[in-house]
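Notes follow the structure.
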Amino acid sequence: MSKRYRPLIPFLILTGILIFVAVFAPFLTPYDPYLQDLEGALAAPNSTNLLGTDRYGRDVLSRVIMGSQTTLCASLLLLLTISVFGSLIGAICGYKGGKIDIFLMRMSDIFLAFPQMIFAVAAAGVLGGGLFNAAAALAVIGWPKYARISRGLVLTVRSMPYMDAAKMAGTGSIEMLYRHVLPNIAGPVLVTAALDIGTIIMELAGLSFLGLGAMPPTAEWGAMMNNGRSMIQTAPWVILSPGAAIFITVAVFNLLGDKIRDVMDPKNQRREVF
Amino acid sequence: MEVLKVEHLSKKFGSKPVLNDLNFSLNAGECLGIVGRSGCGKSTTVKIIARLMPPDEGKIILCGEDITNAEGVKLKDAYKNMQMIFQMPEDSFDPRRTLGQSIGEPLKNFGFDNIGERVKNLLEEVGLPPEFSERYPHEVSGGQCQRAATARAISISPKLLICDEATSALDVTVQSQIVKLIGKLCREKNIACLFITHDLNILPKIADRVAVMHEGKFAEEGLTDEVIKNAKSEYTRELLAADFFKMK
Ligand SMILES: Nc1ncnc2c1ncn2[C@@H]1O[C@H](COP(=O)(O)OP(=O)(O)OP(=O)(O)O)[C@@H](O)[C@H]1O
Ligand SMILES: [Mg+2]
Chain L
1 MSKRYRPLIP FLILTGILIF VAVFAPFLTP YDPYLQDLEG ALAAPNSTNL LGTDRYGRDV
61 LSRVIMGSQT TLCASLLLLL TISVFGSLIG AICGYKGGKI DIFLMRMSDI FLAFPQMIFA
121 VAAAGVLGGG LFNAAAALAV IGWPKYARIS RGLVLTVRSM PYMDAAKMAG TGSIEMLYRH
181 VLPNIAGPVL VTAALDIGTI IMELAGLSFL GLGAMPPTAE WGAMMNNGRS MIQTAPWVIL
241 SPGAAIFITV AVFNLLGDKI RDVMDPKNQR REVF
Chain P
275 MEVLKVEHLS KKFGSKPVLN DLNFSLNAGE CLGIVGRSGC GKSTTVKIIA RLMPPDEGKI
335 ILCGEDITNA EGVKLKDAYK NMQMIFQMPE DSFDPRRTLG QSIGEPLKNF GFDNIGERVK
395 NLLEEVGLPP EFSERYPHEV SGGQCQRAAT ARAISISPKL LICDEATSAL DVTVQSQIVK
455 LIGKLCREKN IACLFITHDL NILPKIADRV AVMHEGKFAE EGLTDEVIKN AKSEYTRELL
515 AADFFKMK
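Protein sequences appear in the order of chains L and P. Positions 1 to 274 (the working numbering) are the ones given, in order, by the first sequence. Positions 275 to 522 (the working numbering) are the ones given, in order, by the second sequence.
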């Protein structure tokens, strides 16, 4: 890894840990996250149940670990879908122009005009809840942002003198695309995506919290918080544990996003922030 | 031998005529300076010649080939004979690639071997240390970047070098260094040069002939000294007078 990417390492390690936990969640949970034990319900954190138990006596730590899989997988898949699909649409608009451009951009305007969360709540409600439907609702509202960004980037890159220079250097149009256009738009798209992970995790968890996402008994952070809502005073660990998990995950991904932005900007290469 | 011949070139943007039946030619190893006020159509002319913009009418003949409608392989062949140095040095390099990679790009595309070695030699020729091949465009000064652009343009030994305001973005002392460098390299390698500028003062340093552009055609054309010393057209005299006052 070149010197340029070095500031990313600590954040990559942190996100790596999160992803490791998510992927290997079933092997990392101390107890079965779905095993009910009504006699041991609502136990405060102790040496056997490090984060206590919920109202069905399920081990909160195990459920938080298991929840990372649900939350991260769903969020990352959703993000991958909307960023790839959205950027592709935007790139096509930027390249082709004309009627396709006008049509697709008006479409994206329509979606951008909706308040994001309200649309997602309404759509998830109409679709009838469930994690997949919640993600679908967020996807419908999420792609136009990427389409706008990549369209603008393609238009800018296309008009840069270095594109003319590359053409005169005998570079063919396909090489032009992968040698000059994609690398120059990938950075900002990637940065947007990285900065978006946190938001998407929150939105998905938010929909689950409202009862429009993951359904019980699925271990999902938002749903777990919803579950512990009524006991915030008597058994705060039930709501605080998944809350802290969301907080830490969002913070880590946001920091990673910030760092990626710094590293990706070619003009920032030599700037060390901390 | 004629390297470039431009016949009856016309171009309109909307209803606004920018080029109006422009004709000229350029011999091997010769340098033609084109001057004119901002907006008179100089960049449009070179963009059309470099096939970066289509003309409405007219023909571009490069080394005996009509390249007006060349596409694909034929266009690539045309670029083998014609290279350009752009106005904004930094913008003419892909910010994600090192100067070495960019200078090597034409070499690679036109099938040269030993690219690393050639890039080092080219850098030396334009007065840059070999380490500069690892630098990114934003890590060098404007003048250094324009030197690198010169290296890229001469790398495949074209017959024609187009410089569109290649020195306008640089400060005066650097300007004259770059003009000298381009002039020297063109003479050494017998490259014809089309040198576009709005600054008459630098033309005596490089141009054999000068054409004064006005309203989409040449108002006057002749040997550099003659045009500057006894301008025939009213417009040229105005341009000279404006420059005269600017210098004071
Ligand atoms: N893509 C375009 N669309 C519409 N008008 C254009 C376009 N490009 C140039 N023009 C117009 O054509 C005229 C000539 O422009 P051009 O860039 O050739 O001028 P120039 O002589 O190079 O000027 P400068 O010295 O400022 O570079 C200008 O009036 C400009 O506004
Ligand atoms: Mg110009």
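Glycine included, every Cβ here is placed at the ideal spot set by N, Cα and C.
* What does T171(L) touch in chain P if you count any residue whose Cβ is under 8 Å from its own? -> E379, N383
* Provide the residue span of the alpha helix (DSSP H) that contains R158(L), from first to last. => 131-158
* Whose C-beta lies closer than 7 Å to the C-beta of H488(P) among residues of the same chain, with five residues either side of it excluded? -> G310, C314, Y509
* **Candidates K458(P), D499(P), K491(P): closest to L477(P) by CA position** => D499(P)
* Nearest-angstrom Cα separation, counted from R55(L) out to L38(L) -> 7 Å
* Asked: Using a Cβ cut-off of 8 Å, which residues of the segment 338-361 of chain P contact any Cβ in chain L, in chain order?
  -> K350, Y353, K354, M356, Q357, M358, F360, Q361
* **Range covered by the beta strand (DSSP E) that runs through S299(P)** => 290-301
* Would you report the Cα separation of A91(L) and T192(L), rounded to the nearest angstrom? -> 15 Å
* To do: List in chain order: all unbroken beta strand (DSSP E) runs of 3+ residues lying wholly within the segment 418-486 of chain P.
  => 434-438, 466-471
* Check whether the segment 111-118 of chain L touches the segment 180-194 of chain L, counting contact only when three or more Cβ pairs, one atom from each stretch, lie closer than 8 Å. => no
* N-terminal and C-terminal residue of the beta strand (DSSP E) that K279(P) is part of -> 276-287
* Asked: Using a C-beta cutoff of 7 Å, does S289(P) count as contacting chain L?
  -> no
* Asked: Can you round the beta-carbon distance between I359(P) and L468(P) to whole angstroms, since I take them to be within the 8 Å contact cut?
  -> I359(P) to L468(P), Cβ: 10 Å. No contact.
* Reference F287(P), options A505(P), G490(P), N395(P), N504(P), closest by Cα -> G490(P)
* Asked: Considering E523(P), what are the terminal residues of the beta strand (DSSP E) in which it resides?
  -> In the structure displayed, chain P extends from 275 to 522; residue 523(P) sits before or after that span and is not available.
* **Beta-carbon contacts of A493(P) that lie in its chain and below 6 Å, excluding the five residues immediately before and after** => V486, S507, Y509
* Asked: Rounded to a whole number of angstroms, what is the C-alpha to C-alpha distance between A124(L) and I232(L)?
  -> 26 Å
* To do: Decide yes or no for the touch test of the segment 451-463 of chain P against the segment 376-385 of chain P: beta carbon pairs closer than 8 Å, at least 3 of them.
  => no
* Asked: Hey, would you say the C-beta of H488(P) is under 6 Å away from at least one heavy atom of ligand 1?
  -> no
* Asked: Of all Cβ atoms in chain P, is any one closer than 7 Å to the Cβ of E272(L)?
  -> For E272(L), the predicted model reports a pLDDT of 46, less than 50, meaning its position is unreliable; a value from the coordinates is still stated below. So, not an interface residue.
* Asked: Leaving out the 5 sequence neighbours to the left and right, which residues in its chain are closer than 8 Å to G303(P) when beta-carbon positions are compared?
  -> C460, R461, N464, I465, A466
* Excluding the 5 residues preceding and the 5 following S241(L) in the sequence, name in chain order all residues of the same chain whose CB lies nearer than 6 Å to its CB. => L51, V60, V64
* C337(P) (DSSP reduced to helix, strand or coil) -> coil
* At 8 Å on the CB atoms, spell out the chain P contacts of P188(L), in chain order. => Those do not exist, as P188(L) stays about 12 Å from chain P at its closest Cβ, beyond 8 Å.
* **First through last residue of the beta strand (DSSP E) which encompasses V309(P)** => 305-309
* **Inter-residue spacing [alpha-carbon to alpha-carbon] between C437(P) and G172(L)** => 23 Å
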